[in-house]
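**Q** Have a look at the structure that comes next, please.
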Amino acid sequence: MQQMTDLIQTETPGVLAEALDFMLYECSLDEAPSATDVKQWHEILTKRGGKFSRLATICQNWLDEESAS
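Our numbering numbers the first residue of the sequence shown as 2 and each following residue consecutively.
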């Protein structure tokens, strides 16, 4: 997950949108991120602000869905 965290810190919103979609909704369960990872991604994206805020919201929605299950 460190590679994904590095991407979240450096990549453009378009690249991250695709990567997040895959990591949160399409990858296999054994490759899926933990809630801790997604919370960290959410915090990084929130700090980056601007166009990254929408991606932070996607992370928060995923966390909300996971906690409801």
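Cβ coordinates follow ideal geometry from the N, Cα and C atoms, glycine included.
Everything numeric in this text was worked out from a predicted model, so none of it was measured.
In whole angstroms, give me the CA-to-CA distance for arginine 57 and threonine 47.
**A** Correcting the residue type first, residue 57 is alanine in the shown sequence and not arginine. The alpha-carbon atoms of alanine 57 and threonine 47 are separated by roughly 6 angstroms.
**Q** Are the CB atoms of tryptophan 63 and isoleucine 9 nearer to each other than 9 angstroms?
**A** It is not a contact, given that the beta carbons lie outside the stated cut-off.
**Q** By Cβ distance below 7 angstroms, which residues in the same chain neighbour alanine 18 in space, the five residues on each side in sequence not counted?
**A** Only Leu56 meet the Cβ criterion.
**Q** Taking all protein chains shown into account, decide if cysteine 28 is buried (16 or more other Cβ within 10 angstroms of its Cβ) or exposed.
**A** The residue is exposed, with fewer than 16 neighbouring Cβ atoms inside 10 Å.
**Q** Methionine 5 and alanine 20 look like a contact to me (Cβ under 8 angstroms); what is the Cβ gap, rounded to whole Å?
**A** With 8 angstroms as the limit, methionine 5 and alanine 20 qualify as a contact, their Cβ atoms being about 7 angstroms apart.
**Q** Is the beta carbon of serine 68 less than 9 angstroms from the beta carbon of alanine 36?
**A** In contact: serine 68 and alanine 36 (Cβ atoms closer than 9 angstroms).
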